[in-house]
Each structure stands twice: as structure tokens, then as C-alpha cells.
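> Residue numbers (my numbering): 4 to 326.
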Amino acid sequence: MALFSCLQIISVKGQLGSAVLFTLRGFPGMEAAHCWIGIPIFSAYLVAALGNCIILYVVWTEPSLHQPMYYFLTMLATTDLGLCLTTAPTVMGVLWFQLREISRRSCLTQIFIIHTFSFMESAVLFAMALDRFLAICFPLRYAALLSTSRVARIGLALLLRSTLLLIPCLYFLLRFPYCPVAALSHSYCVHQDVIRLACANTTITSYYGLTLILLTMGSDLLFIVISYSLILKTVLGMTSGDEGHRKALGTCVSHLCAVLVFYVPVLGLSVVHRFGRHASPLLQVVMGNIYILFPPLMNPVIYSVKTKQIYSRILKVVSLKRV
Numbered sequence: 004m005a006l007f008s009c010l011q012i013i014s015v016k017g018q019l020g021s022a023v024l025f026t027l028r029g030f031p032g033m034e035a036a037h038c039w040i041g042i043p044i045f046s047a048y049l050v051a052a053l054g055n056c057i058i059l060y061v062v063w064t065e066p067s068l069h070q071p072m073y074y075f076l077t078m079l080a081t082t083d084l085g086l087c088l089t090t091a092p093t094v095m096g097v098l099w100f101q102l103r104e105i106s107r108r109s110c111l112t113q114i115f116i117i118h119t120f121s122f123m124e125s126a127v128l129f130a131m132a133l134d135r136f137l138a139i140c141f142p143l144r145y146a147a148l149l150s151t152s153r154v155a156r157i158g159l160a161l162l163l164r165s166t167l168l169l170i171p172c173l174y175f176l177l178r179f180p181y182c183p184v185a186a187l188s189h190s191y192c193v194h195q196d197v198i199r200l201a202c203a204n205t206t207i208t209s210y211y212g213l214t215l216i217l218l219t220m221g222s223d224l225l226f227i228v229i230s231y232s233l234i235l236k237t238v239l240g241m242t243s244g245d246e247g248h249r250k251a252l253g254t255c256v257s258h259l260c261a262v263l264v265f266y267v268p269v270l271g272l273s274v275v276h277r278f279g280r281h282a283s284p285l286l287q288v289v290m291g292n293i294y295i296l297f298p299p300l301m302n303p304v305i306y307s308v309k310t311k312q313i314y315s316r317i318l319k320v321v322s323l324k325r326v
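1) Let me confirm a value: Arg108 is counted as buried when at least 16 other C-beta atoms fall within 10 Å, else exposed. Which label applies?
2) What are the residues that DSSP puts in a beta bridge with Ala185?
3) Helix, strand or coil: which one does DSSP assign to Ala1?
4) Are the beta-carbon atoms of Leu79 and Asn302 separated by less than 8 Å?
5) Within 10 Å of its beta-carbon, does Arg135 have 16 or more other beta-carbons around it, so buried, or fewer, so exposed?
6) Under the rule that 16 or more other beta-carbon atoms within 10 Å means buried, what is Asn55, buried or exposed?
7) Going by the beta-carbon positions, is the gap between Ser125 and Gly291 smaller than 8 Å?
8) Which runs of the alpha helix (DSSP H) fall wholly inside the segment 69-116 and span at least 4 residues, in chain order?
9) Could you tell me which residues DSSP pairs with Ala47 in its beta bridges?
10) Check each candidate in Ser106, Ile117, Pro66 and His69 and name the one with the smallest Cα separation from Ala91.
11) Using 8 Å for Cβ pairs, my map puts Leu27 next to Ile295. What's the rounded Cβ distance?
12) Can you tell me whether Leu19 is helix, strand or coil according to DSSP?
13) Shortest alpha-carbon distance to Leu259 belongs to which of Val23, Ile305 and Gln287?
14) Within the continuous alpha helix (DSSP H) that includes Thr206, where are the two ends?
15) Would you mind reading off the limits of the alpha helix (DSSP H) that contains Ala146?
16) Taking the C-alpha atoms as reference points, what is the distance between His281 and Val275?
17) Return the CA-CA distance between Leu59 and Cys202, expressed in angstroms with no decimal places.
18) Among Ala52, Thr77, Met123 and Ile57, which residue has its Cα nearest to the Cα of Leu2?
19) Could you tell me whether the Cβ atoms of Phe25 and Ala185 are closer together than 8 Å?
20) Indicate whether the contact test is met: 3 or more Cβ pairs, each with one atom in the segment 60-80 and one in the segment 151-158, closer than 8 Å.
21) So if DSSP puts Ala201 in a beta bridge, which residue, or which two residues, is it bridged to?
22) Which value, in whole angstroms, describes the spacing of the CA atoms of Phe226 and Ile234?
23) Tell me, to the nearest whole angstrom, how far the beta carbon of Ile198 is from that of Thr206; I am working on the premise that it is less than 8 Å.
24) From Asp83 to Leu176, what distance separates their C-alpha atoms?
25) Using three-state DSSP, classify Ser190 as helix, strand or coil.
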């Protein structure tokens, strides 16, 4: 009888877990204006997608840009484009079509894809910092150290790191039973938001998630800081005069801007989730939208303006279209 009762409880929990629907959140208190709010957000998605597609097209079609720095840039543009395509359906579904419910499996699939792209973007930013370090500190060995095949292997390794480490998190999230009223804080699904709705002990999963962030994004940021510290030391030790210093540091400006554009929203959203339990729900929604939209929107602008080769190539493409 005891065994039968236990099996019944497990069966009921499994049915509850599989049948649960998560409720996505728009802008609380501003539901009547969701259609209008959706216009600038959709425009931002459109500009971000178009900008990243242009970066991919320019690098793909311009042989002079077939270099490690621009290969890493295409990886960054691909992750930004993937992030836009993953979150846009649910975000716009909530704002324009009042589609607030999402199944557990769809939600967990979105979690996996969003966090994969986030970890991948962090890893690519680290790889780009390494590229600048090798180019400035070891210019004579740069081409041999970062060949095309080696860049491809680095990209594959970063992708595997970004995906495989997420599997334990998904395994636990799939097994957890969830509360009947499962209301999320955003119009898309993220791990730290879903895990608080689990009706189970989530200590191990929470610690694993925190450790995972420290070992991926935390270590990436640390290595980026170390790389640029060594770059700065090398540049200051140059004897080529102010012009040489300016050119060497100029190649790093766009990447440093991209680092800030990515890590500042990530840190802001993490602070809101960890310490802002009593903060306004509207603040959480705004920070969540900045987190998913700001990097994909700004990266193409940064690299188009700050990188002369890409800027000139875009102007050439635009002029050809006009003709």
C-alpha cells in the first residue's frame, strides 16, 4: 500500500508538471498601452535583426574581411540574431496578441536557447579580447596563432561549452513540479525566473546555476580584463609615438563598447533578480527587455561606426543599391 501511494504521488506530480502552463508578463499596469509599446519594441527587433544580417553579409562577401577578428564578429552577430529570433515571438505575442500562456516544454526550450546564446556571446567576447591581445602583443606570430581552421575549432569549442553545461539545469527543471499559478516576471523564459516557481527543493539547482554563471560569464569577464590589462601595458611600452598608440588602442574601442553593452544589462538583470524581490515589477520587465534587446541592437551600430573596413563596405553596398 505504501509503495502504491508513493507511486500515485509521483504520478500526480508528473501530471501536474507536464500540464502546467506558465503565464508570461507584459508591462504591469500598462496593459491598455501594450499595442503602442509593441511598436518601438518591434522596431528595435527589426533594426537589430537587419543590422546583424548586414554585418554577416558584409563579412561574407568581402574577401578582405576574411580575418580572425571578423570571423569572431560574425559569431557575435549570429548569437545576437539568434537571441532576437528566440525572444521576439513571445515578447510580441504578449504585447500585440495577448498570448500570455506558454507550455512547460516550450518554456524550457526557450530557456535552453536563450542561455545558450547568452553564454555564447560572453564566450565570443572573450575570444575577441584574445584576438586583440595576440594581434597587438604578438603581431609577427598572429597569423600563425589564429589560422582560419583554429578559429573554427575555437568557435566549435565555445558552442559546446555553451550548450553542454546547460543540460543539468534542464534536467532538473523538467523533473520539478510547478505551482498551479505559475506567473513569470518577463515576456520570455529564463532559468532564474522559472526556478522560483518550482514546488520542490531547488537548492542544488540554484547553486549549480550560480556556479555555472561564475565559471562561464565570470571567468570570461575576468580574462577580458586581464587581456586588456596586458594590451594596455604593451601599448604604453611602445616606442612608435602617439600615432602608434592611437592606432593600437583604436582597434580595441569597438570591442570594449560591445563588452560594456553586454555585461552591464546582464549584471543589472542579475541584481534585480537576486536582490530586488521587493522592487517594482515594472523595473524587472524593463530590465528584462534591455537585457535581450540592447546588445543585439547596439553591436551592429558599434562595429559599423567604429570599424572603418565594415563602415566603408556598408557605404559601398548602399551606393550600389541606389545605382
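Note that the Cβ used here is the ideal one computed from N, Cα and C, for glycine as well.
Working from what's here:
1) exposed
2) Phe25
3) Outside the displayed range of the chain (4 to 326) lies residue 1, so it cannot be described from this structure.
4) yes
5) buried
6) buried
7) no
8) 71-100
9) According to DSSP, which records beta bridges pairwise, Ala47 is partnered with nothing at all.
10) Ranking the options by Cα distance to Ala91, first place goes to Ile117.
11) In fact, because the Cβ distance is near 13 Å, the residues do not count as touching under 8 Å.
12) For Leu19, the pLDDT reaches just 43, beneath the cut-off of 50, and the residue's location in the model is therefore unreliable, although a value from the coordinates is still provided. Reduced to three states, the DSSP call for Leu19 is helix.
13) Ile305
14) Residues Thr206 to Ile216.
15) Tyr145 to Leu148
16) If you take the alpha carbons of His281 and Val275, they lie about 9 Å apart.
17) Answer to the nearest angstrom: the Cα atoms are 44 Å apart.
18) Nothing about residue 2 can be reported from this structure: the residues present for the chain run from 4 to 326 only.
19) yes
20) yes
21) Looking at the DSSP assignment, Ala201 forms a beta bridge with Tyr181.
22) 12 Å
23) Not really, about 10 Å apart at Cβ, beyond 8 Å.
24) 25 Å
25) coil
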